[in-house]
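Visitor: Quick one: this structure, given as structure tokens, is what I'll be asking you about.
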DNA sequence: AATAACCTTGACGTACGCGTTAATGTCGCA
DNA sequence: TGCGACATTAACGCGTACGTCAAGGTTATT
């Protein structure tokens, strides 16, 4: 690692673009995984350097982290997640169209859609939270039992050594 | 389904034993899955009817439900889960050996092991709970934003219709 | 003893989520 | 212009967690 190309100088924009290696490092997934997510439509095709190198934005990094959370925390499949993150795109669209002042009813509809999806996500999260809390209670009950049994054994051992 | 054999009459014990089909129905997994779990060592080989039919106990049903929870709620692999449920066997062993009064230090060791595994499980559950709570907070923040934006749009629409 | 419902053990198939080469091209610096 | 680090696509591979036959045996009833 003698010299590291950091493509922080982008033609038109002042945003710091990242190559696939850096995104991989920062997000903890492999380059293969990033390309795979792109194939599967979970990440929009990123911009490219003239030579064809992928250039990711900070938003893309966020997206990847979101995907991973949905995978590991909620156990969704990538197909599920694709559905979900498509709601995120609405947000970007809204921002992009903000000045264009596109069809106002259209924007309202999109916002509503995003809201609905988000509400469903909240519901899923809360369901999972409830289940996990029940699980924790059960586990703690078990720990109680273990502690009691061990205490009993220790009492017996003490009594035995006194005899 | 004209007549259904319910093998509720077992030779020596008064426990209600279940055939694989009933267990499948009650747990929501397929028969294939039950055999698969057995192959993988997640379920101990159940007792058999003379003809070779598997006979499961209520404990086995519990076990299956536990496995499924660990899978769907915590996202563990079956290999992970195998490690974990092996601690459960300690409990059965303890019960079995209770009257035999086996080596007391041995039993203490086993209990300690089971306790440790359970504590690790609690830690995992709590970690997951924290992450999910953060996620819920984020989602609810998003909902706030959506609601505000929609409200803004509606205001504009109202203003427009008044002009 | 015939029949339906249930079960058995193989054994091959499949969807998902990437891993792993292989062959090749590009970037930035010396 | 040559080098090393970094990237590209294409294609095959793999582990996990089962699904899905196929061919046959068992159980309880009639």
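Chains as they are written, first to last, in the working numbering: chain X, 6 to 168; chain V, 6 to 168. Glycine is no exception: its CB is placed at the ideal position from the N, C-alpha and C atoms.
Which class does residue 75(X) belong to by DSSP, given the choice of helix, strand or coil?
Guide: helix
Visitor: Examine chain X for any beta-carbon lying closer than 8 Å to the beta-carbon of residue 151(V), and answer yes or no.
Guide: yes
Visitor: State the Cα-Cα distance for the pair residue 174(X) and residue 132(X), rounded to the nearest angstrom.
Guide: A query on residue 174(X) cannot be resolved here, the shown segment of chain X reaching from 6 to 168 and no further.
Visitor: If we ignore side chains and look at the alpha-carbon of each, how far apart do residue 41(X) and residue 29(X) end up?
Guide: 12 Å
Visitor: Looking only at DSSP bridge pairs, what is residue 52(X) linked to?
Guide: 60(X)
Visitor: If you draw a straight line from the C-alpha of residue 111(V) to the C-alpha of residue 122(V), how long is it?
Guide: 17 Å
Visitor: Is there at least one Cβ from chain V nearer than 8 Å to residue 49(X)'s Cβ?
Guide: no
Visitor: Pop quiz: residue 64(X) and residue 51(X) are said to be a contact at Cβ under 8 Å. What is the actual Cβ separation, rounded to whole angstroms?
Guide: The Cβ separation is near 10 Å, so there is no contact.
Visitor: Just verifying my parser: in three-state terms, what is the DSSP assignment at residue 116(X)?
Guide: If DSSP states are grouped into helix, strand and coil, residue 116(X) belongs with the helices.
Visitor: Do you know how far the Cα of residue 78(V) is from the Cα of residue 97(X)?
Guide: Roughly 31 Å separates the two Cα atoms.
Visitor: 8 Å is my cut-off, CB to CB: does residue 67(V) come that close to chain X?
Guide: no
Visitor: How many angstroms separate the CA atom of residue 58(X) from the CA atom of residue 146(V)?
Guide: 35 Å
Visitor: With 16 as the cutoff for other CB atoms within 10 Å, does residue 9(X) come out buried or exposed?
Guide: Summary for residue 9(X): the model assigns pLDDT 42, below 50, so the residue's position carries little reliability, and this model does not support an answer.
Visitor: Check this for me: beta carbons of residue 144(V) and residue 127(X), under 8 Å apart or not?
Guide: yes
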